[in-house]
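When the letters of the sequence shown are read in order and numbered with the working numbering, they come out as residues 195 to 415.
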Amino acid sequence: MSKTLFRTRIKFCGMTRAGDVRLASELGVDAVGFVFAEGSPRRLQPEEARAMRNAMEPLVDAVALFKDNSADEVRAVVKQVRPSLLQFHGAEDDAFCKGFGVPYIKGIPMRGLDPTQRAQHAIQLLMKYPGASAFLFDGHAEGQPGGTGEVFDWSTVPTGLGKPFVLAGGLRPDNVFDAVISTLPWGVDVASGIESAPGIKDGDKMRRFVEEVRRADCHPD
Ligand SMILES: O=C(O)c1ccccc1N[C@@H]1O[C@H](COP(=O)(O)O)[C@@H](O)[C@H]1O
195 MSKTLFRTRI
205 KFCGMTRAGD
215 VRLASELGVD
225 AVGFVFAEGS
235 PRRLQPEEAR
245 AMRNAMEPLV
255 DAVALFKDNS
265 ADEVRAVVKQ
275 VRPSLLQFHG
285 AEDDAFCKGF
295 GVPYIKGIPM
305 RGLDPTQRAQ
315 HAIQLLMKYP
325 GASAFLFDGH
335 AEGQPGGTGE
345 VFDWSTVPTG
355 LGKPFVLAGG
365 LRPDNVFDAV
375 ISTLPWGVDV
385 ASGIESAPGI
395 KDGDKMRRFV
405 EEVRRADCHP
415 D
């Protein structure tokens, strides 16, 4: 694959502390994610996310992450937090995902897929989620929770999508350079790989993650 001239977008997901959001902004991160998925150790109440959202710097996107939440829950978050993007990780269909008047990203479980099916997988995704602004490829298996730090086989990333994709799943400061060079994603997303404990971001890991993405962006190949 040849390298193109662009800057890989970065999203830090599962923010729970205002100081972590501020540091992410200072590091030049493009988006931060607030998790509302039931069972997640990073789960926030809408009021908690709203307080962090109100303190955010301009030109940084807020993304609200859901996994099989009810429409009422999603509506409450949209009203209170005003995210610029929604991210869905459950069995939600396209009609549900686009029903809130906010662009959406669809999280796709990638564990155990066949690398020879990359083009067919892309077609299936485009047919199933025509309203998605982007796809996010995550390391977990179908039906399993996300945000668990599992890397998947990057050679299974669908080809010919014609839409941006975000690479996720077990990215860390020590593997994100290879991940970007191998897959040339529109963006990368990380939750556990920049944490010292679930929901508690580590400033040094955050900084090193951004540096490694920028190093990959400058790499000639
Ligand atoms: O972060 C969570 O708790 C979470 C819960 C349910 C679905 C998705 C979740 N996080 C997303 O998963 C990817 C990968 O996480 P990790 O870096 O492997 O820990 C992350 O980018 C979040 O968008």
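Using N, Cα and C, we set each Cβ at its ideal position, and we do this for glycine too.
What three-state label does DSSP hand residue i in the structure shown?
| i | result |
| --- | --- |
| residue 217 | helix |
| residue 149 | This structure cannot settle anything about residue 149, because the visible part of the chain is limited to 195 through 415. |
| residue 351 | coil |
| residue 322 | helix |
Where do the ends of the alpha helix (DSSP H) carrying residue i lie?
| i | result |
| --- | --- |
| residue 376 | 370–377 |
| residue 409 | 397–412 |
| residue 290 | 288–291 |
| residue 243 | 240–248 |
| residue 308 | Neither: residue 308 is in no alpha helix (DSSP H) and is coded neither H nor E. |
| residue 265 | 265–275 |
Give me the Cβ distance between residue i and residue j, rounded to the nearest whole Å; I'm assuming they're in contact under 8 angstroms.
| i | j | result |
| --- | --- | --- |
| residue 207 | residue 227 | 3 angstroms |
| residue 214 | residue 254 | Wrong, their Cβ atoms sit about 13 angstroms apart, outside the cutoff. |
| residue 301 | residue 281 | 6 angstroms |
Looking at residue i and ligand 1, is the gap between the Cβ and the nearest heavy atom below 8 angstroms?
| i | result |
| --- | --- |
| residue 384 | yes |
| residue 229 | yes |
| residue 261 | yes |
| residue 312 | no |
| residue 235 | yes |
By the 10 Å Cβ neighbour count, where 16 or more other Cβ atoms means buried, how is residue i classified, buried or exposed?
| i | result |
| --- | --- |
| residue 303 | buried |
| residue 400 | buried |
| residue 354 | exposed |
| residue 412 | exposed |
In terms of residues, what are the limits of the beta strand (DSSP E) holding residue i?
| i | result |
| --- | --- |
| residue 389 | 389–391 |
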